[in-house]
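Structure first, then comments.
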Amino acid sequence: MITVLMATYQGIRYLEQQLDSILAQTVPVRIWISDDGSDDGTRQLLEDYQKWYPDQIFLFHRNKEEVPMPGAAGNFFWLLSLAAKEGKSDYVMLSDQDDVWFNNKVKRQLKRMKQLEKGLGSKCPILVHSDMEVTDGALNEISPSFFYYAGCNPERTSFAEILVENPVTGAAMMMNRALLKLVAKPPKTCFMHDWWIALAASCFGVIDYVADSLYQYRQHGANVLGARASLEEYRQRPARQQEVEENYRLMMAQANAFGKRFWEQMDGRQRMILRAFLALPYQSVAGRLQNILRNRFWKSSRLQTAAMCVTIPHAGEKLGRKGKGL
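Numbering-wise, the working numbering puts 869 at position 103 of the sequence shown, and it's gapless, one number per residue.
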């Protein structure tokens, strides 16, 4: 059983095309959808599709008291919790509302997943993701590879590396049941749902990928991707210092929440890495550099890695004592 989880909100413009692309997969799937109060016709379209495909499409209303997290992350964690409770999903995939899947996406990722499970066993938490084609809103190609376009290195899969940067896009992932059980309980805080899931997979299991682009990712409006890290980007950083600092605060809060959730399941090495990561805001620039080099807190580029030494806000000035966590 393969279950695709989709979070929707005001998605009428592209949603029909995405639903059709998932229904056209060469491997049968079912689609669980949680809409976050759309009033643009999205809900009516979903209800129509549910009538047309009653055995494949299922609509759910999120209980915001159980999962108060805002936005798409809250919707996805709500669906993950439902899928875990039901217990019938062998594999779970996530879907954005505005992408278009190539009809072999599920088949290719399932093949790789089964290869990994054959060697590691189905009890090992496994995440398989893929590259994607980057397009504009009309599906005109911008780049044949998201990995290249965003400067994303999918070989970065260690726990230390995932703590500082997430190479896994939610809509590109497939997880097995073992990983689903780990991430089904919504965290108190996270940077994004896909980053939290990648952290769990890197800490307790395996992250692997299919190098080919298996779907089209639309760049439009608020979801436009940033260009790859460059010297020009870092020249512009002073103007967006507040945004950079807030991102680091969220990153540290996520790591702290992850430690509190999984501390008992982590081994000594993983605990040491997490403690070292949470110490970064308390260290001098030189101390951070030594910490980063010692524990291999690598980002996708050397420039980005070096920038952490000066861009992480100091705990005494920005994070406060509560940021120390573990």
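Note that the Cβ used here is the ideal one computed from N, Cα and C, for glycine as well.
Residue i vs residue j beta-carbon contact at 8 Å
i, j, result
"residue 842", "residue 959", "yes"
"residue 860", "residue 771", "yes"
"residue 1015", "residue 1079", "yes"
"residue 738", "residue 896", "Nothing can be reported for residue 738, as the shown portion of the chain is limited to 767 through 1092."
"residue 976", "residue 872", "no"
"residue 946", "residue 888", "no"
"residue 864", "residue 777", "yes"
"residue 825", "residue 799", "yes"
"residue 927", "residue 1064", "yes"
"residue 1019", "residue 955", "yes"
Residues that residue i bridges to, as DSSP identifies them
i, result
"residue 824", "798"
"residue 895", "975"
"residue 900", "909 and 983"
"residue 857", "768 and 942"
"residue 1123", "With the chain covering only 767 through 1092, there is no way to say anything about residue 1123."
"residue 867", "981"
"residue 773", "800"
Cβ shell of residue i (< 6 Å), same chain only, five flanking positions each side left out
i, result
"residue 802", "775 and 841"
"residue 922", "933"
"residue 919", "1066"
"residue 1077", "1010"
"residue 796", "769 and 822"
"residue 891", "944, 945, 948, 967, 970 and 971"
Exposure of residue i, with buried meaning 16 or more beta-carbon neighbours within 10 Å
i, result
"residue 982", "buried"
"residue 828", "buried"
"residue 929", "buried"
"residue 1066", "buried"
"residue 1056", "exposed"
"residue 1050", "exposed"
"residue 993", "Low local confidence applies: a pLDDT of 41 at residue 993 is under 50, so the model's placement there is unreliable, with the coordinate-based value given in what follows. Exposed: under 16 other Cβ atoms inside 10 Å."
"residue 971", "buried"
"residue 815", "buried"
Contacting residues, own chain, Cβ-Cβ under 7 Å from residue i (five flanking each side not counted)
i, result
"residue 949", "846, 962, 963 and 966"
"residue 1013", "none"
"residue 911", "897 and 979"
Contacting residues, own chain, Cβ-Cβ under 8 Å from residue i (five flanking each side not counted)
i, result
"residue 876", "768, 793, 857 and 940"
"residue 1086", "Per-residue confidence for residue 1086 stands at a pLDDT of 40, beneath the threshold of 50, marking its modelled position as unreliable; the derived number appears in the next sentence. There are no such residues."
"residue 902", "908, 984, 985 and 986"
### Query
Quick one: complete alpha helix (DSSP H) runs, 4+ long, within the segment 914 to 938?
Listed in chain order, the complete alpha helix (DSSP H) runs (minimum 4 residues) inside the segment 914 to 938 are 925 to 930.
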